[in-house]
Amino acid sequence: MDLIQYLVKKKILNKDQSIKFKDEIKKLGLTPEELILKEKIIDEKQLFRLKSEVFKVPLQEVPTERISPEVLSIIPREAAEFYKMVPLALKRAEKVLEVGMVFPEDVQAQEALKFLARQQKLSPRIFLITFSDFEKCLRSYLLPEKEMEMALGKLEEEIKIEPEKKIEAREFERLVEEAPIIKMVAVVLRQGVEGKASDIHIEPTRENLRVRYRLDGVLYPSLFLPLKIHPAIVARVKILSGLKIDETRIPQDGRFSTIIREKRVDFRVATFPTNLGEKVAIRILDPEEGMKNLSELGLGDRNFKLVKEAIEQPHGFILATGPTGCGKTTTLYSILRILNREGVNIVTLEDPVEYFIGGVNQSQVNPEINFTFAKGLRHILRQSPDIIMVGEVRDAETASLVIHAALTGHLVLSTLHTNNALGVIPRFIDMGVKPFLISPTLSLAISQRLIRVLCPHCKQRVKVEGKKKSYILDKIKNLPKEAIKDLKLKEPIYIYEPKGCKKCNFNGYSGRVGVFEVIKMTPSLAGVIVKNPTEEEILKVAKAQGMISMEEDGILKVLEGITSLEETMRIAEEK
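Numbering (the numbering used here), first residue to last: 1 to 575.
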């Protein structure tokens, strides 16, 4: 009995579905398992439990720690990838090799395994593993330190130089295209993508070349390489990005794409001259990590409703505000994904274009040739757009043009640098926009910051007492009545704190989410803008209409167990 027949027997599929599935499997070249997961008939764990019953092979959960290099060496990585099998453990006393297989029914894979085990005088013991666990095990082959060590050894052998000597100029051009340097840069990039880092920093110090990764907003040192290979590493990155190799005196910006683990990832590169040599910052633009749905950003019920209402309007101006790196662009891209429909003309002006969205006309400004936001915006209006996104309102001319665009029937999205949503209106007035033009155009101002999310596997529940309790109670007393009602706060108050485990690399946190402050334009707010548009007066009206500040939004996330109190207090201090 095959897997499809067994699913029919278990009434997970009916006969018509099974016939259709068999046709689809032939047509698409997929395995039954891949098609079932693609169609979301059942989840992966349930599917492989049933497969275990069909083929009478025990299902094994793989260990969380990395598999040792000694065990991995028994099955080469190429064979592991091709046959979808990985060594799990070596029982030397019993002369047994435990192997996890995604397709234990594959006769060719069985024969290959027998051959590899026989070379080591071992008997294979087979277990069934899921696709996810297979991918997790496969990453054990990719120990960056080991790969770097091997590449460095080969490099030393090829260029035949003493450790303290620098690479000679005549060797440089050849060296940049040598396999070891290519391998090193590939390892640095892959480790960043697989570790879900947002940035990679390659920095020369007096002693070595340091590679650091930014995870959840914090930079962590990861690799230290010999300083002598710094020029070659930087040159390799420049070649990938289309930058000038011989220009080391001025900053350069570039971009490139590559395939990592069967997905396309974009990298934005910026070089910067320092007194120790060129520093390279690489932003990882992974669509799976950076392109999020609106519901995944962390907007609370009230804020989510306000954003949805604003983007459903045919015209108006929606602003995302906050400092660099607070997720403004991610928020605007999430909105664009909702607005991106067949009958709508969307045109953007960005600096730079971070993610490519199919169906959206995206353009990148270039001040060097006088293609600025203001100049580009004038031309956009001749493209008959329905929706316009301008990367940033930087000056009075751009401010005037976006207000005019919103006033003439367009939905406009943009960003602005202010500390909070309250500061948007005074900032526009400072830029020369007339107060009476703001109220009929500005629909929504969204201010945001990013806070780290507690690791769901190890966060620990604690009772709040003393100053922490007083701080929480002080902040929630000014919340709107609806928010307090939904909170259902009871004594004693419990929150969660970070602990640290293997799954979060002992940081206690895993990922980031936004805290938001959203102000909607209302008749009462419009009156204040015309009469007395100070932040104090705007705050009074915003609070009266139920606005939740970023700090209050953070407290709500603390009480929901999403983040820690320390993270929220950090955001409050940064404002």
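For each residue, glycine too, the CB sits at the ideal point set by N, CA and C.
Please read all numbers here as calculations on a predicted model, not as lab measurements.
Distance between residue j and residue i (C-alpha atoms, nearest Å)
i	j	result
residue 356	residue 362	8 Å
residue 110	residue 246	53 Å
residue 70	residue 125	17 Å
residue 68	residue 287	32 Å
residue 16	residue 498	50 Å
residue 47	residue 406	51 Å
residue 589	residue 347	With the chain covering 1 to 575 only, the question about residue 589 has no answer from this structure.
residue 545	residue 479	11 Å
residue 335	residue 233	38 Å
residue 416	residue 206	39 Å
residue 397	residue 381	15 Å
residue 309	residue 442	13 Å
residue 283	residue 198	6 Å
residue 485	residue 471	19 Å
residue 196	residue 528	45 Å
residue 427	residue 395	11 Å
Simplified DSSP assignment, three categories, for residue i
i	result
residue 464	coil
residue 370	coil
residue 40	coil
residue 201	strand
residue 184	helix
residue 490	coil
residue 586	With the chain running from 1 to 575 in the structure shown, residue 586 is simply not present.
residue 446	strand
residue 378	helix
residue 265	strand
residue 587	Absent from the structure is residue 587, since the part of the chain shown begins at 1 and ends at 575.
residue 316	strand
residue 101	strand
residue 71	helix
residue 90	strand
Burial state of residue i, where buried means 16 or more other Cβ atoms lie within 10 Å
i	result
residue 276	exposed
residue 220	exposed
residue 379	exposed
residue 3	buried
residue 133	buried
residue 399	buried
residue 251	exposed
residue 164	Residue placement at residue 164 is flagged as unreliable, the pLDDT there being 43, under the threshold of 50; a coordinate-derived value is accordingly withheld.
residue 388	buried
residue 557	buried
residue 80	buried
residue 573	exposed
residue 328	buried
residue 228	buried
residue 360	buried
residue 566	exposed
residue 585	Because the chain is modelled from 1 through 575, residue 585 falls outside the range shown and cannot be assessed.
Residue i, enclosing alpha helix (DSSP H) - first and last residue
i	result
residue 482	481-487
residue 17	15-28
residue 525	523-531
residue 303	301-311
residue 236	230-241
residue 354	Neither: residue 354 is in no alpha helix (DSSP H) and is coded neither H nor E.
residue 403	396-407
residue 576	This structure leaves residue 576 out entirely; the chain is present only between 1 and 575.
residue 9	3-9
residue 334	328-339
residue 421	Neither: residue 421 is in no alpha helix (DSSP H) and is coded neither H nor E.
residue 541	535-544
residue 295	Residue 295 -> no alpha helix (DSSP H), and no H or E assigned at all.
residue 132	131-138
Residue i, enclosing beta strand (DSSP E) - first and last residue
i	result
residue 551	It is not in any beta strand (DSSP E) - residue 551 instead sits in the alpha helix (DSSP H) that spans 550-559.
residue 430	Counting along the chain, residue 430 falls outside any beta strand (DSSP E), though it belongs to the alpha helix (DSSP H) covering 424-430.
residue 127	123-128
residue 220	218-226
residue 77	Taken as a continuous stretch (DSSP letters only), residue 77 belongs to no beta strand (DSSP E), being part of the alpha helix (DSSP H) at 77-83.
residue 253	252-260
residue 437	No beta strand (DSSP E) contains residue 437, which is instead part of the alpha helix (DSSP H) from 435-438.
Within-8 Å CB hit, residue i to chain B
i	result
residue 234	Annotation note: the requested chain B is absent from the structure, which comprises a single protein chain.
Next item on the list: Check whether the segment 439-453 touches the segment 559-575, counting contact only when three or more Cβ pairs, one atom from each stretch, lie closer than 8 Å.
Entry: yes
Notebook entry, point to check: Quick check: the segment 412-420 against the segment 308-320, are there 3 or more CB pairs under 8 Å?
Noted result: yes
Notebook entry, point to check: Should the segment 437-444 be called in touch with the segment 466-479, which here means at least 3 C-beta pairs below 8 Å?
Noted result: no
Checklist line | Cβ contact check for the segment 344-353 and the segment 364-381: 3 or more pairs under 8 Å | finding: yes
Checklist line | Meets three-Cβ-pair contact criterion under 8 Å: the segment 4-11 and the segment 45-59 | finding: yes
Next item on the list: State whether the segment 296-305 contacts the segment 510-520, with contact taken as three or more CB pairs (one from each stretch) at a distance under 8 Å.
Entry: yes
Next item on the list: Examine the Cβ distances between the segment 113-123 and the segment 89-97 and report whether three or more of them are shorter than 8 Å.
Entry: yes
Note to self: For the pair the segment 417-428 and the segment 527-539, tell me if three or more CB-CB distances fall below 8 Å.
What the structure shows: yes
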